[in-house]
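Asks:
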Amino acid sequence: MPRILRLAIQECEKPLPKAKAARGSFGDIFHGCFALGSEAADVRLDVSKWDTMVGEYPRMEDVDVIALTGSYYTAFQNDPWIVALADFVKHALHSIDKKVFGICFGHQVIGRALGAEVNRNPHGWELSVESVSLNEQGQELLGLPSVKLHQMHRDAVLTVPPGIANLGSSPKCPVQILYQPGRLLSFQGHPEFDKFTNEEIIRADGKIGHAIF
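Residue numbers (UniProt numbering): 1 to 213.
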């Protein structure tokens, strides 16, 4: 009998038109990635998707995992919806039975909620596929010496929060993967992206009006 995992996906942005037509919403993309993992783990997903930018959130008692997508917005700014999201994540991380997952903007919001410094990356942009070198703990968890991930960001988590491990780094971004066993996993890079999605975002740079992921 598979275990039921209640997954709430906090959608922090909408894909660009071609990617949305081909891949669906970012919540759909996340759902597909989690579904692949759940099959191997004998888990049945109960998925809900929430439009974070208009203030939609689940009740904390109704979910097991909260997943944060990327966004064109900036995680360290004080737009009301970003402040509300950071507060929601902080509350989730203070709940001993909740797990939190994030990618890029989501990774940065998690860092902010935990008190890390989040700001413009002094080393500049990371674009396209970059190799992330894993430390010993990262290699033990992921079973590889390094992983190659699509990168699409100029903001970064600049310090590691107390009690949290950083599992990997790239030449331009030292804090690539935040981890706490049974509680937290977040990636600066995009394991959910493919070439098609990444190329559309790169071509749209300068037209979006916000920081890219």
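The beta-carbon is built from N, C-alpha and C at its ideal position, and this holds for glycine as well.
1. Less than 7 Å between the beta carbons of Q108 and V63, yes or no?
2. Determine whether the beta carbon atoms of G27 and E11 lie at a separation below 7 Å.
3. Rounded to the nearest angstrom, what separates A41 and G32 at their Cα positions?
4. Among all the DSSP beta bridges, which residues are the ones paired with G168?
5. DSSP puts S128 in a beta bridge; with which residues?
6. Give me the residue from L184, Q151, G115, W50 with the minimum Cα distance to I96.
7. Per the contact definition of three or more C-beta pairs closer than 8 Å, is the stretch 110-125 in contact with the stretch 72-84?
8. Is it true that the CB of F187 sits closer than 7 Å to the CB of H150?
9. Can you tell me whether E11 is helix, strand or coil according to DSSP?
10. Rounded to whole angstroms, what is the Cα-Cα separation between G168 and R112?
11. Return the first residue and the last residue of the beta strand (DSSP E) that V83 is part of.
12. What is the DSSP secondary structure of A211, reduced to helix, strand or coil?
13. Between the alpha carbons of I164 and I177, how many angstroms are there, rounded?
14. From the DSSP output, in three-state form, read off Q180 for me.
15. With DSSP run on the structure shown, which of helix, strand or coil describes A21?
16. So V43 packs on R3, CB below 8 Å; how close in whole Å?
Replies: Looking at the coordinates:
1. The residue labelled residue 108 in the question sits at position 108 within the sequence shown. The residue labelled residue 63 in the question sits at position 63 within the sequence shown. No, the pair does not count as a contact, with Cβ atoms beyond the cut-off.
2. Translated into positions along the sequence shown, residue 27 becomes position 27. Translated into positions along the sequence shown, residue 11 becomes position 11. When the beta-carbon positions are compared, G27 and E11 come within less than 7 Å of each other.
3. By one-based count along the sequence shown, residue 41 stands at place 41. By one-based count along the sequence shown, residue 32 stands at place 32. Taking the straight line joining both Cα atoms gives about 15 Å.
4. As a first step, residue 168 must be located in the sequence shown, where it is residue number 168. Its beta-bridge partners are L134.
5. The residue labelled residue 128 in the question sits at position 128 within the sequence shown. In the DSSP output, where bridge partners are listed per residue, S128 has Q151.
6. Counting from one through the sequence shown, the residue named residue 96 turns up at place 96. Residue L184 is the option with its Cα nearest to I96.
7. Of all C-beta pairs linking the stretch 72-84 to the stretch 110-125, three or more are shorter than 8 Å, placing the two stretches in contact.
8. In the sequence shown, the residue the question calls residue 150 occupies position 150. In the sequence shown, the residue the question calls residue 187 occupies position 187. Against a cut-off of 7 Å, the Cβ pair of F187 and H150 comes out as no contact.
9. Counting from 1 along the sequence shown, the entry for residue 11 is found at position 11. In the three-state reduction of the DSSP assignment, E11 falls in the strand class, which pools E and B.
10. Along the sequence shown, one-based indexing puts residue 168 at 168. Along the sequence shown, one-based indexing puts residue 112 at 112. Taking the straight line joining both Cα atoms gives about 19 Å.
11. Walking along the sequence shown from the start, residue 83 turns up at place 83. Segment 80-93 is the alpha helix (DSSP H) holding V83; no beta strand (DSSP E) there.
12. By 1-based counting over the sequence shown, the position of residue 211 is 211. Bear in mind that the predicted position of A211 carries a pLDDT of just 45, short of 50, making it unreliable; the figure below should be weighed with that in mind. Looking at A211 - three-state DSSP - the assignment turns out to be coil, as it is neither helix nor strand.
13. For the purposes of this step, residue 164 is taken as residue 164 along the sequence shown, with counting starting at 1. For the purposes of this step, residue 177 is taken as residue 177 along the sequence shown, with counting starting at 1. I164 and I177: Cα-Cα distance of roughly 10 Å.
14. Along the sequence shown, one-based indexing puts residue 180 at 180. In the structure shown, Q180 falls within a strand segment according to DSSP collapsed to helix, strand and coil.
15. Along the sequence shown, one-based indexing puts residue 21 at 21. A21: helix per DSSP, three-state reduction.
16. Here residue 43 is taken as the residue at index 43 of the sequence shown, counted from 1. Here residue 3 is taken as the residue at index 3 of the sequence shown, counted from 1. Taking the Cβ atoms as the reference, V43 lies roughly 5 Å from R3, within the contact range of under 8 Å.
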